[in-house]
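Asker:
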Amino acid sequence: MEVIVGTYDEVLLGYKIITDAEEYQFDQSFTDHTHTGCIKTLSVSKKGILASGGTDETVRLINLKKRTELGSLVQHSGTVTCLKFHHGSHLFSTSEDGTIAIWKYFTWECLKTLRGHTSTVNCISIHPSGKLALSVGRDKTLRTWNLITGRSAYTTNIKQEASLVVWSLNGNHYAVVFSTKIDIYNTQTAEVISSVKTTQRVNDLAFISTTVIVYGGEGGQLYFYNIINKMTLHSLDTQTNRVRAMSIVPAPVKEGEESNENNHWLFTASSDGHIKIFQVQMAEDKVDTSLVISHNTTFRLTCMAVSLFKSKPKEGTKTDCQADEKLIDTSQEMAADKKLIDTSQEKSQKTVANRKSGNSKKVSWKRKAETDSQDSGVNVSCETVEVNIEDESEDENTKVKGKKLKHSKKVKDKGPEKLKQLQGKRSEKSKRKGIILESQPKRKKIKT
């Protein structure tokens with residue numbers, strides 16, 4: 001388990017949570033200073049890919065498993081305001097330029113640019129089915145998007161600017177967050193079934209169950225609210241002035257203990273630099289909370305994401321990448337998971353065997369491109385995977401838009417002394433090395 005936070009000071013910080021010791025501990029895993037502006041949003045995929053965006057108008061990608069930078073996605077002409085991965089297959093990004101970009105995982109091609117908002121898009125949320133999305137912005141509208149056709153389904157005038165929109169876990173409800181107000185809608189009727197008014201600004205909201213939300217912000221108070229019974233179940237004082245971001249994950253289970261779906265870990269990131277983890281135990285109409293561990297980063301935090309990926313899967317199990325793409329047989333998938341990299345001679349023998357047996361060219365090329373990119377750190381982009389198997393020889397010299405791809409550079413591990421030097425300082429803006437994909441949006445249906 002790893003928590004990543006973004007800061008006002010252009011720095012990304014990563015901390016692993018040591019759960020196998022007698023006491024839980026924070027262990028700093030990496031520090032990254034490639035952004036040239038304030039970091040506004042973070043998102044982590046199931047496959048361990050971290051996306052970060054901010055005022056430098058770019059989306060930067062990091063492979064958390066290999067600790068390498070994959071490059072930057074350049075599409076927006078304004079601050080990147082929100083990033084969301086969906087099922088590890090697509091990345092959604094919103095910006096102050098009023099657009100929503102949809103990126104394909106692995107190739108990082110911009111499949112579609114959704115236009116409709118007349119001002120900044122503050123937030124986007126994807127329905128669990130992957131067929132719908134909701135977005136809110138400064139134009140005081142709530143837009144519903146059909147992700148199958150890639151077009152706006154309808155627009156709702158909400159008469160004031162909303163900062164957040166969040167789907168429930170089952171997609172039956174969604175919450176729209178204004179400055180000091182929260183409206184809960186029924187998906188089928190599109191009517192407000194519950195409304196919560198607060199005395200201070202709400203900075204973040206999350207569904208901890210299908211009927212209970214957690215929200216908080218200014219003042220450091222968090223509230224657990226039942227949207228059906230319309231009652232506050234519990235309040236939690238985080239002992240901070242402002243909660244900037246939250247994340248809820250299943251509580252880890254130690255050896256000898258039984259797992260309980262009602263036990264959760266609630267992560268909070270505060271503007272004063274503190275990362276805190278709270279144990280949350282849910283009952284029917286009762287919530288109990290307790291502090292697990294706290295850490296002071298000494299930075300001004302703006303956003304947070306929690307990664308639960310397993311870097312070394314056990315033998316005989318499938319990774320998220322295999323379950324999502326389903327491009328090859330089980331035996332081939334397990335071999336890819338164990339990273340049994342063939343020698344050049346074995347690869348040539350397999351190529352000849354595939355040609356003689358008439359195996360699918362699509363399967364051979366897709367797995368070949370993915371394995372090479374993961375092992376060498378090269379980000380490969382191709383418009384279609386249905387190509388001749390004879391074309392699978394290019395590796396480091398593969399070109400995208402006339403530009404030669406370069407090896408990804410390692411994310412540097414920097415100690416506390418370096419962190420102190422970075423704190424409060426803004427680096428000079430300079431050109432950063434990396435892969436920049438500038439694919440233009442294509443007019444085609446979005447595959448969900």
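Residue 308 in full-length UniProt numbering is what sits at position 308 of the sequence shown, and the numbering runs on without skipping anything. Think of the CB as a built atom: it goes at the ideal place given N, C-alpha and C, for glycine as much as any other residue.
1. Kindly confirm or deny that the stretch 16 to 23 and the stretch 278 to 289 touch, where touching means at least three C-beta pairs closer than 8 Å.
2. Below 8 Å on the Cβ atoms is my contact criterion, and I expect LEU142 with GLY130 to pass it. Report the Cβ-Cβ distance as a whole number of Å.
3. For ALA51, does the count of other Cβ atoms within 10 angstroms reach 16, so buried, or fall short, so exposed?
4. Of the residues SER168, THR7, HIS76, SER259, which one's Cα is nearest the Cα of HIS127?
5. Which residue comes first and which comes last in the beta strand (DSSP E) that contains ALA175?
6. For the beta strand (DSSP E) that contains GLY14, what are its first and last residues?
7. Straight-line CA distance for ASP272 to GLY216?
8. Going by other Cβ atoms of all chains shown within 10 Å of its Cβ, with 16 needed for buried, is LEU222 buried or exposed?
9. Do you know offhand how far LYS84's Cα is from GLU255's?
10. For GLU296, count neighbouring Cβ atoms within 10 angstroms of its own Cβ and tell me buried if that reaches 16, exposed if not.
11. DSSP three-state call for ASP97: helix, strand or coil?
12. With contact counted as at least three CB pairs below 8 Å, one residue from each stretch, are the stretch 171 to 187 and the stretch 242 to 255 in contact?
13. If you drop the 5 nearest sequence neighbours on each side, which residues of the same chain put their C-beta closer than 6 Å to that of THR79?
14. Starting from the C-beta of ILE193, find all residues in its chain whose C-beta is less than 6 Å away, skip the five residues before and the five after it, and write them out in chain order.
15. Might you give, ordered along the chain, the residues of its own chain that have their beta carbon closer than 6 Å to the beta carbon of THR232, omitting 5 neighbours on each side?
16. For GLY137, does the three-state DSSP call read helix, strand or coil?
17. Rounding to the nearest angstrom, what Cα-Cα distance links VAL166 and VAL176 in this structure?
18. Taking the alpha carbon of GLN25 as the point to measure from, which residue in ILE293, ALA190, THR155, ASN241 has its own alpha carbon closest?
19. How long is the line joining the alpha carbons of THR120 and GLU258, rounded to whole angstroms?
20. Going by other Cβ atoms of all chains shown within 10 Å of its Cβ, with 16 needed for buried, is THR240 buried or exposed?
21. Which value, in whole angstroms, describes the spacing of the CA atoms of CYS27 and ASP139?
22. Please classify LEU308: is it buried, with 16 or more other beta-carbons within 10 angstroms of its beta-carbon, or exposed?
23. By a C-beta neighbour count over all protein chains shown, 10 Å radius and 16 as the cutoff for buried, is LYS276 buried or exposed?
24. Which residue's Cα is closest to the Cα of THR113: SER77, TYR15, VAL214?
25. Rounded to a whole number of angstroms, what is the C-alpha to C-alpha distance between ARG115 and LEU291?
26. For CYS110, which residues does DSSP report across the bridge?
27. Which term fits SER135, buried or exposed, when burial requires 16 or more other beta carbons within 10 angstroms of its beta carbon?
28. Does DSSP put ARG67 in a helix, a strand or coil?
29. Buried or exposed for THR81, please, with buried defined as at least 16 other CB atoms from any protein chain shown within 10 angstroms of its CB.
30. If you reduce the DSSP assignment to three classes, tell me which class SER168 lands in.
31. Whose C-alpha, out of GLY14, ILE182, TRP145, is nearest the C-alpha of ASN160?
32. Take GLU2 as the anchor and find which of VAL11, VAL44, HIS35 has the nearest alpha-carbon.
Answerer: Well, looking at it:
1. Between the stretch 16 to 23 and the stretch 278 to 289 there are fewer than three C-beta pairs closer than 8 Å, too few to call the two in contact.
2. Actually they are not in contact, since the Cβ atoms of LEU142 and GLY130 sit about 19 Å apart, beyond 8 Å.
3. Residue environment for ALA51: buried (at least 16 other C-beta atoms within 10 angstroms of its C-beta).
4. If we check each option's Cα against that of HIS127, SER168 comes out closest.
5. First-last of the beta strand (DSSP E) with ALA175: 173 to 177.
6. Per DSSP, GLY14 is one residue of the beta strand (DSSP E) stretching across 12 to 18.
7. Approximately 15 Å between the Cα atoms of the pair.
8. The residue is buried, with at least 16 neighbouring Cβ atoms inside 10 Å.
9. The alpha-carbon of LYS84 is positioned some 33 Å away from that of GLU255.
10. Reading off the sequence, residue 296 comes out as Asn, not Glu. So ASN296 ends up on the exposed side.
11. Note: ASP97 maps to coil in three-state DSSP.
12. No: the two stretches stay apart, fewer than three of their Cβ pairs being nearer than 8 Å.
13. So the list reads THR55, GLU96, once near-sequence residues are dropped.
14. Answer for ILE193: ILE184, ASN186, listed in chain order.
15. Cβ within range, chain order: TYR223, TYR225.
16. Looking at GLY137 - three-state DSSP - the assignment turns out to be strand.
17. Going by the C-alpha atoms only, they are around 7 Å apart.
18. Minimum Cα-Cα distance from GLN25 among the listed residues ILE293, ALA190, THR155, ASN241 corresponds to ILE293.
19. Rounded to whole angstroms, THR120 to GLU258 spans 46 Å at the Cα level.
20. By the Cβ neighbour-count rule, THR240 is buried, with 16 or more other Cβ atoms within 10 Å of its own.
21. Correcting the residue type first, residue 27 is Asp in the shown sequence and not Cys. The straight-line gap from Cα to Cα measures roughly 42 Å.
22. Around the CB of LEU308, fewer than 16 other CB atoms lie within 10 Å, so the residue is classed as exposed.
23. Buried is the call here.
24. The shortest Cα separation from THR113 among SER77, TYR15, VAL214 belongs to SER77.
25. Their Cα atoms are separated by approximately 43 Å.
26. DSSP output for CYS110 lists TRP103 as bridge partner(s).
27. It is buried - the Cβ of SER135 has at least 16 other Cβ atoms within 10 Å.
28. Correct three-state label for ARG67: coil.
29. Buried, because 16 or more other Cβ atoms sit within 10 Å of the Cβ of THR81.
30. DSSP, read as helix, strand or coil, puts SER168 in coil.
31. Correcting the residue type first, residue 160 is Gln in the shown sequence and not Asn. Closest by alpha carbon: ILE182.
32. Comparing Cα-Cα distances from GLU2 to each of VAL11, VAL44, HIS35, the minimum goes to VAL44.
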